[in-house]
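Residue numbers (our numbering), protein chains in the order written: chain A, 7 to 323; chain B, 20 to 288.
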């Protein structure tokens, strides 16, 4: 079995008395596209910063292709391309100069002509070919993010760590980035964090979910969906509050996500016992005369359902 | 990813990433920053020399101009070093580019050393070597109003003087950069640098002279044009003493650099 691209063992991090990471364990297989999910403040960026040597771990360790990311940080980082969450570059450098600058920070780099070609290729890949001479300080947020992805790729890294790569991109930009990542499949390992679960489902092989500083689930997406609780879609008309209160008291209901749909409410009811739901859910809904059931059927399980189940998101009436 | 035949992997050097960091610093000096410094230094240094030598009918010595050059450097080199160095680390910390650079395979030590050397090299190249070359070329070539031509100093001595001034630049840059690793604000670091400069200048007491570069460079405030050993070494070719002040300045520069590295290595981003 090949050595994992990234292994994190019993990782702890505290800032003063605040413990941000509690014994995080994670394995990112080589050549996988690995999504790192979790709510804001869960510790995703902190984990990545420890891997990149920007923060010291309070305990545990991170290994990049077997190399300790803290003790042998330079060797570990020589195999990583990294996009930070808040991307900023020297404002006085042009896009081309940013990429050339980064290339020269790596221990082995191309000769001048090959580097020039590689810079052109990457600028083209991220849609900045016509802005090669523009200063980084003059780029828009989306353009800066695209340049960030290009600089992460300039060294042909074995491991690509991207902290929110699709943030601040418009739909076209997001699509381009996902296509770019998909095109790297099998050529490099990608470990990236995001809030956009549709993107994760589209390109990732595996995911880990971090909640309150702990990895609460990890594995291939298929397995995650199979082990997650099932969900039912319900659309109601009328006063839904009494029904909602009765529903969340049922022991087999793990959560209800409610969204407005015109004058109606659209619920995603997640259940831990599918048989119980089949037997009791619809009778419970129709028993309340204050509201009418307009739509009722099992939901197609998505990563979002699994994610919400796992991080323990509960009823939002 | 598949290996690129044009890519050559080399073993990690002592300060990994230093070459790339210095290259980045140099490209900045070759841009707008370098142009501004080139214009400012040239206008001030060569302009003052021109006024003081060509149109000064009182100055009757054939070495005049070169002693003044040493005094101008003593003012310009430390002040410029402090001004640029106080921003070297703070600027990248403030705009969040420091963690981006440090996420590359560069060591913290290389990062701090790169800032110190990059700043020093730029000041030495534009403020000292280039100005020295310009003065060396034109001062002896003009015809002063007094009619007494200006003699070129001996080249070897001229180079030694430039070396001493480069050391002054290194010491003040290292001092200021190291201070910004401890107190990450521009003002306090610059203030301490200025206080050190004034102390060295205004207290050329016999004991202090042994340990600071001030003993080689400056005169008392009430006698600003008094010849001091470095200027005398340049124009009269007298021995350069006390040499201990050069050694101690070098030690101070290395100690400040080491302090900056040690403090920065412990910081988190």
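Using N, Cα and C, we set each Cβ at its ideal position, and we do this for glycine too.
None of these values were measured; they are calculated from a predicted model.
Legend entry - DSSP state of residue 55 of chain A mapped onto helix, strand, coil: helix
Inset, instruction - Verify the CB distance criterion: does residue 159 of chain B have a CB-CB separation below 7 Å to chain A? - result: So, not an interface residue.
Inset, instruction - Taking a Cβ distance cut-off of 9 Å, strictly less, list which residues of the region 98-109 of chain A are near chain B, in chain order. - result: For the region 98-109 of chain A, the beta-carbon criterion of a distance under 9 Å to any beta-carbon of chain B is satisfied by 98, 99, 103, 106, 107, 108, 109.
Inset, instruction - For residue 125 of chain B, decide whether its Cβ has a neighbour in chain A, counting only Cβ atoms nearer than 7 Å. - result: yes
Legend entry - Chain-ordered neighbours of residue 27 of chain A on chain B, where CB pairs are closer than 9 Å: The premise fails here: residue 27 of chain A is roughly 14 Å from chain B at the closest Cβ pair, so nothing lies under 9 Å.
Inset, instruction - State the Cα-Cα distance for the pair residue 263 of chain B and residue 90 of chain B, rounded to the nearest angstrom. - result: 20 Å
Inset, instruction - Using the DSSP secondary-structure output, state which residues sit across from residue 168 of chain A in a beta bridge. - result: Residue 168 of chain A pairs with A:89, A:198.
Legend entry - Straight-line gap, residue 189 of chain B to residue 183 of chain B (C-alpha atoms, nearest Å): About 10 Å.
Inset, instruction - Mind checking which residues open and close the alpha helix (DSSP H) that includes residue 147 of chain A? - result: 147-159
Legend entry - Cβ shell of residue 250 of chain B (< 6 Å), same chain only, five flanking positions each side left out: 86, 89
Legend entry - Minimum Cβ-Cβ distance from residue 286 of chain B to chain A less than 7 Å: no
Inset, instruction - Report yes if the C-beta distance between residue 46 of chain B and residue 104 of chain B is below 7 Å; otherwise report no. - result: no
Legend entry - Residues bridged to residue 24 of chain A (per DSSP): A:21
Inset, instruction - Identify whether residue 323 of chain A lies in helix, strand or coil by the three-state DSSP scheme. - result: Because the pLDDT at residue 323 of chain A is just 36, under 50, the model does not fix this residue reliably, and the point stays unresolved.
Legend entry - Neighbour-count burial assignment, residue 123 of chain A, 16 or more Cβ in a 10 Å radius: exposed
Inset, instruction - Give a yes or no on whether the minimum CB-CB distance between residue 220 of chain B and chain A is below 7 Å. - result: no
Inset, instruction - Find out if the Cβ-Cβ distance for the pair residue 173 of chain A, residue 180 of chain A is shorter than 7 Å. - result: no
Legend entry - Outcome for residue 311 of chain A when other beta-carbon atoms lying within 10 angstroms are tallied against a minimum of 16: buried
Inset, instruction - Using alpha carbons as the reference points, say which of A:297, A:304, A:176, A:263 lies closest to residue 279 of chain A. - result: Comparing alpha-carbon positions, the option among A:297, A:304, A:176, A:263 lying closest to residue 279 of chain A turns out to be A:304.
Legend entry - Residue ranges of each alpha helix (DSSP H) within the region 208-268 of chain A, 4 or longer: 227-233, 247-255
Legend entry - Top-ranked residue by Cα proximity to residue 120 of chain A, from A:76, A:162, A:200: When only C-alpha atoms are compared, the closest one is A:162.
Inset, instruction - In angstroms with no decimal places, state the Cα-to-Cα distance between residue 317 of chain A and residue 291 of chain A. - result: 26 Å
Inset, instruction - Quick one: grab the DSSP three-state call for residue 14 of chain A. - result: Correct three-state label for residue 14 of chain A: strand.
Legend entry - Whole runs of the beta strand (DSSP E) within the region 61-87 of chain A, excluding any shorter than 3 residues: List check, beta strand (DSSP E) in window: 65-70.
Inset, instruction - Taking all protein chains shown into account, decide if residue 54 of chain B is buried (16 or more other Cβ within 10 angstroms of its Cβ) or exposed. - result: exposed
Inset, instruction - Give every residue of the same chain whose Cβ lies closer than 8 Å to the Cβ of residue 139 of chain A, excluding the five residues on either side of it in the sequence, and list them in chain order. - result: 100, 101, 102
Legend entry - Environment of residue 205 of chain B [buried if 16+ CB atoms lie within 10 Å]: The residue is buried, with at least 16 neighbouring Cβ atoms inside 10 Å.
Legend entry - Neighbouring residues, chain B, relative to residue 94 of chain A (Cβ below 8 Å): By Cβ distance, chain B contributes 114, 115, 116, 119.
Inset, instruction - Express the C-alpha separation of residue 200 of chain B and residue 14 of chain A in angstroms, rounding to a whole number. - result: In a straight line, the C-alpha of residue 14 of chain A is about 31 Å away from that of residue 200 of chain B.
Legend entry - chain A contacts made by the region 40-74 of chain B, where a contact means CB separation under 9 Å: 40, 42, 43, 46, 47, 50, 51, 52
Inset, instruction - Please state if the CB of residue 158 of chain B and the CB of residue 50 of chain B are separated by a distance shorter than 7 Å. - result: no
Inset, instruction - Check residue 275 of chain B in the structure and name its three-state DSSP category. - result: In the three-state scheme derived from DSSP, where H, G and I count as helix and E and B as strand, residue 275 of chain B is classed as helix.
Legend entry - Sequence-distant residues of the same chain with beta carbon closer than 6 Å to residue 107 of chain B, five excluded per side: Hits under 6 Å: 134, 138, 196.
Inset, instruction - Please decide whether residue 280 of chain B counts as near chain A, where near means a Cβ-Cβ distance under 7 Å. - result: no
Inset, instruction - Leaving out five residues on either side along the sequence, give the residues of the same chain with a beta carbon under 6 Å from the beta carbon of residue 82 of chain A. - result: Taken in chain order, the residues that qualify are 70, 73, 75.
Legend entry - Proximity winner among A:21, A:307, A:8, A:27, relative to residue 222 of chain A (alpha-carbon distances): A:27
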